[in-house]
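> Going by this note's numbering, the first residue of the sequence shown is number 154, and it counts up by one from there.
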Amino acid sequence: MLFTVGNLVTLAIVIAMFVAYHLLTADNRSLEKLKRLGDRLRDELSTFVDSKAEEVKHYGIELDVQQKAAKVVLEKIQEAQTTIDAESDSITKIAERFREYDETLARLMDMTKRVDQNIAHLAAQNEFIENLARRVESAGKKMNAIEDEMPRLREQFAQDAKQILDGFRDDILAQLHERLDGIIAEFEQARGDAAQAVAKAAELRQQIERIAELSLQKAMERAQSIEDEAFRTLRGKLAADSEALDQKVRDALNALALQSKAQIEEMASRLGEAKEAASTMSSEMERLRSQSAEIASSLEAQMHRVSQDLEEKFSSFGQALEAHRVSFEKDFLSELESLRAMLAETRGRMEELRAAAEGNIASALNGLEVKVQQELEARRENLDTQLEAWLSEMDARMRKIQQDAIEHRKAEEARIAVEVNTELKKLKDSLYTQVQKLERDIDALKKV
Numbered sequence: 154m155l156f157t158v159g160n161l162v163t164l165a166i167v168i169a170m171f172v173a174y175h176l177l178t179a180d181n182r183s184l185e186k187l188k189r190l191g192d193r194l195r196d197e198l199s200t201f202v203d204s205k206a207e208e209v210k211h212y213g214i215e216l217d218v219q220q221k222a223a224k225v226v227l228e229k230i231q232e233a234q235t236t237i238d239a240e241s242d243s244i245t246k247i248a249e250r251f252r253e254y255d256e257t258l259a260r261l262m263d264m265t266k267r268v269d270q271n272i273a274h275l276a277a278q279n280e281f282i283e284n285l286a287r288r289v290e291s292a293g294k295k296m297n298a299i300e301d302e303m304p305r306l307r308e309q310f311a312q313d314a315k316q317i318l319d320g321f322r323d324d325i326l327a328q329l330h331e332r333l334d335g336i337i338a339e340f341e342q343a344r345g346d347a348a349q350a351v352a353k354a355a356e357l358r359q360q361i362e363r364i365a366e367l368s369l370q371k372a373m374e375r376a377q378s379i380e381d382e383a384f385r386t387l388r389g390k391l392a393a394d395s396e397a398l399d400q401k402v403r404d405a406l407n408a409l410a411l412q413s414k415a416q417i418e419e420m421a422s423r424l425g426e427a428k429e430a431a432s433t434m435s436s437e438m439e440r441l442r443s444q445s446a447e448i449a450s451s452l453e454a455q456m457h458r459v460s461q462d463l464e465e466k467f468s469s470f471g472q473a474l475e476a477h478r479v480s481f482e483k484d485f486l487s488e489l490e491s492l493r494a495m496l497a498e499t500r501g502r503m504e505e506l507r508a509a510a511e512g513n514i515a516s517a518l519n520g521l522e523v524k525v526q527q528e529l530e531a532r533r534e535n536l537d538t539q540l541e542a543w544l545s546e547m548d549a550r551m552r553k554i555q556q557d558a559i560e561h562r563k564a565e566e567a568r569i570a571v572e573v574n575t576e577l578k579k580l581k582d583s584l585y586t587q588v589q590k591l592e593r594d595i596d597a598l599k600k601v
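1. Nearest CA to the CA of L216: which residue from M264, D557 and L176?
2. When we look at the beta-carbon of T538 and count the other beta-carbons within 10 Å, is it buried (16 or more) or exposed?
3. In terms of alpha-carbon separation, which member of L161, A259 and V218 lies closest to A173?
4. Among the candidates L261, M262 and K229, whose CA atom is the shortest distance from the CA of E249?
5. To the nearest angstrom, report how far apart A222 and A165 are at their CA atoms.
6. Would you decide whether T163 is buried or exposed? Buried here means 16 or more other CB atoms lie within 10 Å of its CB.
7. At the level of alpha carbons, what is the spacing between Q527 and E534?
8. Leaving out five residues on either side along the sequence, give the residues of the same chain with a beta carbon under 7 Å from the beta carbon of E256.
9. Report the residue from E566, A298 and V571 whose alpha carbon sits nearest the alpha carbon of D334.
10. To the nearest angstrom, how far is the alpha carbon of A298 from that of E546?
11. Would Q231 pass as a contact of L261 if the rule is Cβ separation under 9 Å?
12. Alpha carbon to alpha carbon, what distance is there between Q312 and E560?
13. Have a look at Q309, R252, R189 and I569 and flag the residue whose alpha-carbon is nearest the alpha-carbon of V167.
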């Protein structure tokens, strides 16, 4: 007999399985409908961007694994059929294996249902795909607009930075000029005090000369009166004691002449000392005037150097700011270029996906959506972070330069104030010493 009982049983089971399979899949879409739907979906996915081929490969690998599992199941069915043909007494074991096969087929049916659900979900996601395409197109337009706006933004930023720097420089220069005007005013006041001291010294010199002239005149009158009195005495007593009186008168005249001569020489020496002191004081005042002029010129030169240093620092800061702005612009443009390259690469991968997207498309779309959103968000956050870091660095550098300029200005003001106070103190001490010396000379002349 050609068919055995085991073969008949196996054939009946297989026919029952096929009938059950066709009954279960009667309400599902046919393969032709799936193909048409897949073609339509491939056409609609032409504008979809930013996905990765690795995920699709994973899904392909998963499908290959499932196909291999199905092949293994079929091989096991064939082995079971061979076993049934060879051993009709192991029907119980074969029935158990058929139950396992039923479970495997049930899982395959579930997978088929999930594929149908994913395809339906993909059809529902058409609106999202269109929105995403519009968003990508809008993002491209915004990037082009940003690139077009870069020259204007660069010019605006340069103008703002120049205004800030000019205002800051004018403020510092105004403060420096105000401080310099104050120092010059103090110096002019000190110069006026010195001029008053010189005038006072000249007046004292004139007083000394007048006192000396009066003293000489009084001494001459006194000597003349003494000589006249002695002559009258000598003439009155000439008759009584001619020889003795003559000798006494001569002795008295000689002593008086010597005394008058000594007094006149002493007064002349004191007058010479007073004139020499006045001349020394005049030369000292001239020296102080020249020193004050040198101090004024030195202060002006120092303030000019400070102004030049500040201008050089502002110039170097402006150059560094411009270089940093150019570097940031290059980085920003390179970031835009990399983003465009990524979009182009995404379009290329999308072309590949259009040929490979035959399987679990809904899951792939979800993954692609998440990836697109994540990468766009990461790009935006990266650009925001770079911009915030650049602005923070710029603010920090502005604050540092402002603080350095203030500290440098304070240090220069303190140093100039110390130098001016030192010179003024030396000038006052010298004037005070000269005035005391003149007062001592005047007191000595008055005592004489």
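All C-beta atoms, glycine included, are put in the ideal place defined by N, C-alpha and C.
Reading from the atomic positions:
1. The count along the sequence shown starts at 1 and reaches residue 216 at position 63. Nearest C-alpha to L216: M264.
2. Residue numbering aside, residue 538 sits at position 385 when the sequence shown is read from its first letter. Answer is exposed; the Cβ neighbour count stays below 16.
3. Translated into positions along the sequence shown, residue 173 becomes position 20. Among L161, A259 and V218, the Cα nearest to that of A173 is on A259.
4. Counted from its first residue, the sequence shown places residue 249 at position 96. The shortest Cα separation from E249 among L261, M262 and K229 belongs to K229.
5. As a working mapping, residue 222 is identified with position 69 in the sequence shown. As a working mapping, residue 165 is identified with position 12 in the sequence shown. Each residue's Cα considered, the two are about 24 Å apart.
6. Taking the first residue of the sequence shown as 1, we reach residue 163 at position 10. Buried, because 16 or more other Cβ atoms sit within 10 Å of the Cβ of T163.
7. The residue labelled residue 527 in the question sits at position 374 within the sequence shown. The residue labelled residue 534 in the question sits at position 381 within the sequence shown. Q527 and E534: Cα-Cα distance of roughly 10 Å.
8. Here residue 256 refers to the residue found at position 103 when the sequence shown is read from its first residue. Nothing listed; no residue qualifies.
9. Locating residue 334 in the sequence shown gives position 181, where the first residue counts as 1. Among E566, A298 and V571, the Cα nearest to that of D334 belongs to E566.
10. By 1-based counting over the sequence shown, the position of residue 298 is 145. By 1-based counting over the sequence shown, the position of residue 546 is 393. Straight-line Cα distance between these residues: approximately 26 Å.
11. Residue numbering aside, residue 231 sits at position 78 when the sequence shown is read from its first letter. Residue numbering aside, residue 261 sits at position 108 when the sequence shown is read from its first letter. No. Outside cutoff.
12. To locate residue 560, count along the sequence shown from 1; it is residue 407. To locate residue 312, count along the sequence shown from 1; it is residue 159. The alpha-carbon atoms of E560 and Q312 are separated by roughly 27 Å.
13. Within the sequence shown, residue 167 is the residue found at index 14, counting from 1. Among Q309, R252, R189 and I569, the Cα nearest to that of V167 belongs to R252.
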